[in-house]
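Listed in order, the protein sequences are those of chains A and B.
If you count the first sequence from 1, you need to add 18 to reach my numbering.
If you count the second sequence from 1, you need to add 18 to reach my numbering.
Yeah, the Cβ is synthetic: ideal placement off N, Cα and C, and Gly gets one too.
This report refers to the structure that appears directly beneath it.
Number of protein chains: 2
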Amino acid sequence: MAQWRQEQEAREARIAAGAPLADGKVVPAGRAGALLEAVLRPGDRVCLEGDNQKQADLLARALAGLDPDKVHDLHMVQSGVVLPEHLDIFETGIARRLDFAYSGPQSARIARMLYGGQIALGAVHTYLELFARYFIDLTPHVALIAAVSADREGNLYTGPNTEDTPTVVEATAFKNGVVVAQVNEVVDKVPRVDIPGDRVHFVVEAGRPFYVEPLFTRDPGAITETQILTAMLALKGIYAEYGVRRLNHGIGFNTAAIELLLPTYGERLGLKGKVATHWALNPHPTLIPAIESGWVEQVHCFGSEVGMDRYISARPDIFFTGADGSLRSNRAFCQTAGLYACDMFIGSTLQIDLEGHSSTVTQSRIAGFGGAPNMGSDARGRRHPSEPWLRAGREADPDGAAALRRGRKLVVQIGETFGDKNAPLFVEQLDALLLADKLKLDLAPVMVYADDVTHIVTEEGIANLLLCRDRDEREQAIRGVAGYTPLGRGRDARLVERLRERGVIRRPEDLGIDPLDADRGLLAARSIKDLAHWSGGLYQPPARFRNW
Amino acid sequence: MAQWRQEQEAREARIAAGAPLADGKVVPAGRAGALLEAVLRPGDRVCLEGDNQKQADLLARALAGLDPDKVHDLHMVQSGVVLPEHLDIFETGIARRLDFAYSGPQSARIARMLYGGQIALGAVHTYLELFARYFIDLTPHVALIAAVSADREGNLYTGPNTEDTPTVVEATAFKNGVVVAQVNEVVDKVPRVDIPGDRVHFVVEAGRPFYVEPLFTRDPGAITETQILTAMLALKGIYAEYGVRRLNHGIGFNTAAIELLLPTYGERLGLKGKVATHWALNPHPTLIPAIESGWVEQVHCFGSEVGMDRYISARPDIFFTGADGSLRSNRAFCQTAGLYACDMFIGSTLQIDLEGHSSTVTQSRIAGFGGAPNMGSDARGRRHPSEPWLRAGREADPDGAAALRRGRKLVVQIGETFGDKNAPLFVEQLDALLLADKLKLDLAPVMVYADDVTHIVTEEGIANLLLCRDRDEREQAIRGVAGYTPLGRGRDARLVERLRERGVIRRPEDLGIDPLDADRGLLAARSIKDLAHWSGGLYQPPARFRNW
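This is how it looks when you write it as structure tokens:
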């Protein structure tokens, strides 16, 4: 006779083991380690909340401090591997297996540990994919999450950084898992209920704020004129051409430049109200001038951004906010919105090969994907038309039967031909393939596959891959915007010229853009201080970005 | 100077207009119409909750009873057009524009009204796509939702049919919208908080349960031997071949037959624990024998199913349940799980053309899509490998560079060559194309596009479209399993035989299946009563399915 409540009883036992450490649900910070030892079992699947922004840092430290003889071989299933503790636990044997999505600041160390065999890698996911698996085959036994405050019943207020929390809690709490939240403080009444208390089993009072990384702040002062040129090309050659209203921008200075050109160059092109009105985007400070100039109708956010909270609260017509006045972000819904409701994803990458595959992995750094594979993929389940989407579909398949032709999402890679340390953007072979080979991965960590990319923008021009009719044209279109990189110099000049005549490649002059106009004077804000000024003092940049 | 709180102030005005009708947040059922008149404005985007299962029926009736001189030209953005009132409002002018996903029982009337120009159609979406747009460009001004109970602060308990509610509320409440919930009763304390009260503005006490459609109940007594044969083919030729553990089943008798064959035919094939262990699925009663036989590890649900509540509550190791003991379903997360965490979608359709496009639309019925386009599409953002997925990828592209080869989701269409009223499953042209032409739609309502379908299963055999190398092979592979339909008879017999030699087509005998073994005796349950018996009396079938 099968037992049908084993998991449920196991949870009750875990909670009972933790209960003596708690006053109701509340556990003092000093007992966090003891609590984790009480509720964790060897081999557990554990989500230690941490994405590219907010971190359950107190719980991370408590976990890293456990005795590996008691708690070991955990299977970590979490968005971000960001804090040192996230990797320390693999060195001590507390954790063994890892499924994750993003590892920005730990990318070099995670690579070394993978090579050294200290981590058994499940897979590198895109966020929404990992969330999906939380409900199917990677359901956490224990979730260690972060919130701003809790009441004594466990109701949680996340503040603007709601991010992954509702998703993680839903998967864990409703499938017999234990939810432990670190909170800055315990209060009588939370300003807003982001997570109902009946899903939360323990609340650890940290006594200080959880860590948040200001990942989406780009200092306009660091934007180069080359980046401004790529931004002008994108605006005139893609945003205006297709009439892209619903979109997502990746991280990076090229897209920050686009945001800052909307109220200046975009205005001059007459694009206000016609492009870039509806966004799936974190609250980028560089979007402030466009918002203040009336370009933006609505922004849904994955997470918040350090310093933006007061500004967001003062702009509830633009952002999603709660009854408490602050942002309500939600990574799962924003990723879904990016997948199915946006007509364009535009972002930067580290390497692009001659087919158009791109990756941010190098042999010594495994940065993970974050949202790019999801945002930057064509949603084949999409069934609603829009002008940009239909046009991209027509360009890709002009001879197909119109009745059975789908549209295409615009997936744009933008960058300078030479990136950091003069490394060429264009490469014969992605480092991701070497890495996959060395680690014997079933799947190379390609960020965006060639068949999803529609345009590549560099300072040399725009390559419209939708218009390429065969592999050879595609290769030459890419070489044709690869500038003086070795791959760019290896172009077939005649074929590239023919592609240009067909509009597959468009140079600045083909678009009526004089590269000499790509001046920093075009930026609506030229410094972080300018952004703060645009915001009427509501944007409060983190200290490291203040130089005045 | 721009105003940044116009939406927020508009919401406050709406709530102030409704407040005199309420005692706190609670409004008696008799004042529902007056409340809606108070909070609605002409032209509003409105989500009237209703998907393929639960319905905010009291609010639907109240809306339909409004004075079109006062409330008119609403833009309805909702999953399901299911109740007569959902269409009545378009006849009276209360509503004008429609964006939806599913319209099962109203499919004939909605077609007539579209032809008659009474409805301005936005698009027919798949659920997750419509949810995505709630956060970008179809954010509701007012959401009219349904729950089981509420307390006086507006905290809502949805019971097992949580379904779309959290998604609809999140999009509306956090973007200055008004949320009105009908509840069966107002209580002192809800058994579980599915929606926190600070997202709910008014609670209408209906005094009786909201309507739920038992859409996923299939009477085993109605399963034919032909359907059993297709189920045997699928199990041996696909489930076993690929080792599919994570999957979704569509609605229909063919997949119900598969569920009922797991503990019998599947057991004989030695597949227990090797296939069909992790599900994104509604709680199908026909899955009970497989669950009771220990086949199923975990099921995440879009919604619940009438009569299954006690059974689910008694099986918390299998289903996602809340602290109150009942199911917690969630359509958005389950659709996400189906997209990104499942290796197979298998379902039935009404028409398949010679390329493999399929549709459930006929010229006189527009049934909508529901989840099929999402579940039945290849998730190109997916970055985690699994055996079935990798194998499907290899089959599709055996000569491609392995390092850059992605896997493929298995998308299987299963059915008999002749369906209801002897209509052939295979057609020269989908009715969807004629419909698109007549209604001048930018996009034909194709449910699953050919390039996403990997297998077609009929009683004549399995066509593996992954192995087809050109259009011609694909057409003959489809004709080759199309039986005695006109398209099946039009096959090129020699080419079909060659495809069979290559394993592109597999007949029952190629798989060692004797069609004479396809006997109802193989079904683990042969009636609804059998299912109730399997469940130990926990499954309580709705009256219409009881004949004992």
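Nearest candidate by alpha-carbon position, reference PRO403(B), set LEU422(B), ASP417(B), THR144(B), ASN348(B): The residue you call residue 403(B) lines up with position 385 of the second sequence. Nearest option by C-alpha distance: LEU422(B).
Could you tell me whether the Cβ of GLY155(A) comes closer than 8 Å to any Cβ of chain B? In the first sequence, counting from the first residue as 1, residue 155(A) sits at position 137. The question names Gly, but residue 155(A) in the sequence shown is Asp. By this cut-off, ASP155(A) is an interface position.
Opposing strand residues paired with VAL64(A) [DSSP bridges]: Along the first sequence, read from residue 1 onward, the residue named residue 64(A) stands at position 46. MET94(A), VAL160(A).
Every unbroken beta strand (DSSP E) inside the segment 474-520 of chain A [3 residues or more]: 479-482
Any C-beta of chain A within less than 7 Å: which residues of the segment 386-410 of chain B qualify? PHE387, PRO391, ASN392, SER395, ASP396, ARG398, GLY399, ARG400, ARG401, HIS402, PRO403, LEU408
Report all residues from its chain with a CB closer than 8 Å to the CB of ARG538(B); omit the five preceding and five following residues, and keep chain order. For the purposes of this step, residue 538(B) is taken as the residue at position 520 of the second sequence. Only ILE241, GLU243, ILE246, ARG544 meet the Cβ criterion.
Residues of the segment 253-277 of chain B with Cβ closer than 9 Å to any Cβ of chain A, in chain order: ARG263, ARG264
Exposure of GLU27(B), with buried meaning 16 or more beta-carbon neighbours within 10 Å: Working through the second sequence from its first residue, we reach residue 27(B) at position 9. Exposed is the call here.
Where do the ends of the alpha helix (DSSP H) carrying GLN245(A) lie? The residue you call residue 245(A) lines up with position 227 of the first sequence. Taken as a continuous stretch (DSSP letters only), the alpha helix (DSSP H) holding GLN245(A) covers 243-252.
With a cut-off of 8 Å, do at least 3 Cβ pairs link the segment 73-90 of chain B to the segment 191-200 of chain B? yes
Over what stretch of residues does the alpha helix (DSSP H) that includes TYR329(A) continue unbroken? In the first sequence, counting from the first residue as 1, residue 329(A) sits at position 311. Its alpha helix (DSSP H) spans residues 327-331.
Decide if ARG487(B) is buried, meaning its Cβ has at least 16 other Cβ atoms within 10 Å, or exposed. Taking the first residue of the second sequence as 1, we reach residue 487(B) at position 469. By the neighbour-count rule (16 or more Cβ atoms within 10 Å), ARG487(B) is not buried but exposed.
Use the C-beta contact count for SER97(B): other C-beta atoms within 10 angstroms, 16 or more gives buried, fewer gives exposed. The residue labelled residue 97(B) in the question sits at position 79 within the second sequence. SER97(B) should be labelled buried.
Taking only beta-carbon positions, decide if CYS352(A) is within less than 8 Å of chain B. The residue you call residue 352(A) lines up with position 334 of the first sequence. Closer than 8 Å to some Cβ of chain B, the Cβ of CYS352(A) qualifies, so yes.
Going by CA-CA distance only, name the one from ASP342(A), GLY554(A), LEU66(A) that's closest to HIS104(A). Position 86 of the first sequence, counted from the first residue, corresponds to residue 104(A). Measuring from the Cα of HIS104(A), the nearest candidate turns out to be LEU66(A).
Which chain B residues sit within Cβ distance under 7 Å of HIS296(A)? For the purposes of this step, residue 296(A) is identified with residue 278 of the first sequence, where counting begins at 1. Per Cβ cutoff of 7 Å: ILE154, ASP155.
Using a C-beta cutoff of 8 Å, does ASP415(B) count as contacting chain A? For the purposes of this step, residue 415(B) is taken as the residue at position 397 of the second sequence. No, ASP415(B) does not count as interfacial toward chain A.
For chain A, is any of its Cβ atoms less than 8 Å away from the one on GLY555(B)? Numbered from 1 along the second sequence, position 537 holds the residue referred to as residue 555(B). False, the Cβ-Cβ gap to chain A never drops below 8 Å.
What did DSSP end up calling LEU549(B) once you bin it into helix, strand or coil? Position 531 of the second sequence, counted from the start, is the residue given in the question as residue 549(B). In the structure shown, LEU549(B) sits in a helix (DSSP, three-state: H, G or I).
ASN202(A) beta carbon less than 8 Å from that of SER322(A): Residue mapping note: residue 322(A) aligns to position 304 of the first sequence, counting from 1. Residue mapping note: residue 202(A) aligns to position 184 of the first sequence, counting from 1. Contact flag unset, no.
Let's see if you can read the secondary structure: which residues bound the alpha helix (DSSP H) around LEU461(B)? As a first step, residue 461(B) must be located in the second sequence, where it is residue number 443. Taken as a continuous stretch (DSSP letters only), LEU461(B) belongs to no alpha helix (DSSP H), as it is neither H nor E.
Can a CB atom of chain B be found closer than 8 Å to the CB of ASN194(A)? Indexing the first sequence from 1 puts residue 194(A) at position 176. Chain B, which has a Cβ nearer than 8 Å to the Cβ of ASN194(A), makes this yes.
From the DSSP secondary-structure annotation, give me the bridge partner or partners of ASN266(B). Against the second sequence, residue 266(B) aligns to sequence position 248. ASN266(B) is bridged to PHE363(B).
For PRO307(A), which residues in chain B fall below 7 Å Cβ to Cβ? Here the question's residue 307(A) lines up with position 289 in the first sequence. Per Cβ cutoff of 7 Å: no residues; PRO307(A) is ~13 Å from chain B at best.
Run of the alpha helix (DSSP H) containing LEU299(A), from where it starts to where it stops: One-based indexing of the first sequence puts residue 299(A) at position 281. Where LEU299(A) is concerned, there is no enclosing alpha helix (DSSP H), given that its DSSP letter is neither H nor E.
With DSSP as the reference, please indicate the residues paired to ARG151(B) in a beta bridge. What you label residue 151(B) is simply residue 133 of the second sequence in a count that begins at 1. Bridge partners of ARG151(B): none, in fact.
Proximal residues of chain B, C-beta to C-beta of GLY340(A) below 9 Å: The residue labelled residue 340(A) in the question sits at position 322 within the first sequence. The answer, in chain order, is ALA191, PHE192, ASP216, ARG217.
Should PHE338(B) go down as buried or exposed, given a rule of 16 or more other Cβ atoms within 10 Å for buried? Along the second sequence, one-based indexing puts residue 338(B) at 320. It is buried - the Cβ of PHE338(B) has at least 16 other Cβ atoms within 10 Å.
Going by Cα to Cα distance, which pick from ARG333(B), SER366(B), GLY530(B), ASN173(B) is closest to GLY437(B)? Within the second sequence, the letter at position 419 stands for residue 437(B). If you compare the alpha carbons of ARG333(B), SER366(B), GLY530(B), ASN173(B) with that of GLY437(B), the shortest gap goes to SER366(B).
Mind checking if LEU586(A) is an interface residue toward chain B, Cβ cutoff 8 Å exclusive? The structure shown does not extend to residue 586(A), since chain A is modelled only from 19 through 566, so no value can be given for it.
Go ahead and label TRP566(B) buried or exposed: buried means 16 or more other beta carbons lie within 10 angstroms of its beta carbon, across all protein chains shown. Locating residue 566(B) in the second sequence gives position 548, where the first residue counts as 1. Flag for TRP566(B) reads exposed.
For VAL196(A), which beta-bridge partners are listed by DSSP? Counting from 1 along the first sequence, the entry for residue 196(A) is found at position 178. According to DSSP, VAL196(A) bridges with VAL160(A).
Check the Cβ of GLU223(A) against every Cβ in chain B and list those closer than 8 Å, keeping chain order. As a first step, residue 223(A) must be located in the first sequence, where it is residue number 205. Chain B residues near GLU223(A): none, gap ~21 Å exceeds 8 Å.
Just mark SER382(B) as buried or exposed, buried being the case when its beta carbon has 16 or more other beta carbons within 10 Å. Looking up residue 382(B) in the second sequence gives position 364. Taking all protein chains in view, the Cβ of SER382(B) is surrounded by fewer than 16 other Cβ atoms within 10 Å, so the residue is classified as exposed.
Give the single residue among ASN173(A), PRO214(A), PRO123(A) whose Cα lies nearest to the Cα of GLY231(A). Locating residue 231(A) in the first sequence gives position 213, counting from the first residue. This sequence places Glu at residue 231(A); Gly is not what is there. GLU231(A) has its Cα closest to that of PRO123(A), out of ASN173(A), PRO214(A), PRO123(A).
Any beta carbon from chain A within less than 8 Å of GLU188(B)'s own beta carbon? As a first step, residue 188(B) is located in the second sequence; it is residue number 170 there, counting from the start. At a cut-off of 8 Å between beta carbons, GLU188(B) contacts chain A.
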